[in-house]
Structures are given as structure tokens and as C-alpha cells.
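Asker: FYI, the numbering for the sequence shown is 60 to 198, going by my numbering. From the three backbone atoms N, C-alpha and C, an ideal C-beta is built for every residue, glycine too. Note that this is a predicted model, so its numbers are computed, not measured. I am attaching a structure below and will ask some questions about it afterwards.
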Amino acid sequence: ARPRDHSFLHRFALFVKQGQGSFRRIQKADLLREAGYVVHEAAGGHQAMEIARQQTIDVILLDIMMPGIDGYEVCKRIKGNAKTKSTAVVMLTSKSSMIDKFRGSWSGCNAYLSKPVVEDELLATIAKFLPSALESIRD
């Protein structure tokens, strides 16, 4: 099925790790597709950064523990790149200590959600960073 064409839904990226938790990952990707989002998936940090540079992405969901480079480093690189620095990064991870949240903030992430995340919270967090939501804040 083709994603619904809603003016408030633009592009969306879901960057996830491979391996354990893949059933949950598929459920989250399906949830977002059903909500009308265009979802791009990456198997690790390097692929996530490549997709972010090549596609128009509004929001990136990023795990911390990924193959290759971790989510903190991916976030730093996304925020340090002129083409991708305005892309919102949401950490979606099982790491929930205060230190982990500080590290996420220091790396430049826009929001930090601890797993398991409630679907409504996930969708509400994503919606905050869509261009239409950001324009209404500026008005």
C-alpha cells in the first residue's frame, strides 16, 4: 500500500540496528508506514549517515547500540554536517540512565525516548519535529 499523502507528513527515517529486537523494529516501521510516513531503514550508523545525506529526511530515530559506530557518534556527525544538521534526531534506545541521556544531549539529539516506548508517545515526538509543526511554533 502506498503511504497516504498528507500535507503534514513529509519524509521520515527509521534507523535501527540489526539482530535482537528485529520483530519490534518491524512493528515500529509498520506502525509508522500505517500512519502515512515514508520510512527508510538502515542496518547501522554508516548506512544511516549515507541515507541522511542522500534523502530529504525530517526525523531520524536512532538507536545507541548499532553495528560499526554508535548512535552518539552518528548523531554528532549528522549534526556536524551542513546538509543534515537541521534534521531532528530522536534517540530511541533501551539505555535509560541519566548519563546516557546526557550523552545523547551532548551529541546533539533533539529528543530521547527509552524503550519500551508507547506508540502514541513515539508518534507525538515525531510529529513535533515535522516542518509543519515547526512552522506553527514560529508563527
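(1) Take TYR131 and list the residues in its own chain whose beta-carbon comes closer than 6 Å to its own, dropping the five residues that flank it on each side.
(2) Determine whether the beta carbon atoms of VAL149 and ILE119 lie at a separation below 8 Å.
(3) So for THR146, helix, strand or coil by DSSP?
(4) Please determine, among ASN169, LYS142 and ASP129, the residue with the shortest C-alpha to C-alpha distance to THR115.
(5) LEU90 and GLU180 look like a contact to me (Cβ under 8 Å); what is the Cβ gap, rounded to whole Å?
(6) Helix, strand or coil, according to DSSP, for PHE82 in the structure here?
(7) Measuring from the CB of GLY127, is there a heavy atom of the ligand ATP at a distance below 7 Å?
(8) Terminal residues of the continuous beta strand (DSSP E) containing TYR171?
(9) If we ignore side chains and look at the alpha-carbon of each, how far apart do ASN169 and ILE185 end up?
(10) Taking VAL118 as part of the beta strand (DSSP E), name the residues at either end of that continuous run.
(11) What do you reckon, are the CB atoms on PRO126 and ALA88 nearer than 8 Å?
(12) Kindly list the residues whose CB is nearer than 7 Å to the CB of PHE82, restricted to its own chain and excluding five residues on each side of it in sequence; keep chain order.
(13) Could you please give the first and the last residue of the uninterrupted beta strand (DSSP E) stretch that includes VAL97?
(14) Looking at C-alpha atoms only, which residue of LYS144, LEU182 and GLY139 is the closest neighbour of ARG92?
Answerer: Taking the definition as stated:
(1) ARG162 and SER166
(2) yes
(3) coil
(4) That would be LYS142, whose Cα lies nearest to the Cα of THR115.
(5) Not a contact, Cβ separation roughly 12 Å.
(6) Residue placement at PHE82 is poorly supported in this model, since its pLDDT is 46, which falls under 50; the coordinates still yield a value, given next. Secondary structure at PHE82: helix, using DSSP grouped into helix, strand and coil.
(7) In terms of ligand content, the structure shown is empty, and the ligand ATP therefore cannot be addressed.
(8) 170-173
(9) 10 Å
(10) Per DSSP, the continuous beta strand (DSSP E) segment holding VAL118 begins and ends at 118-121.
(11) At a Cβ-Cβ threshold of 8 Å, PRO126 and ALA88 do not count as neighbours.
(12) Residue placement at PHE82 cannot be trusted, given a pLDDT of 46 that sits under 50; what the coordinates show is reported in the next sentence. Taken in chain order, the list of residues that qualify is empty.
(13) Neither: VAL97 is in no beta strand (DSSP E) and is coded neither H nor E.
(14) LEU182
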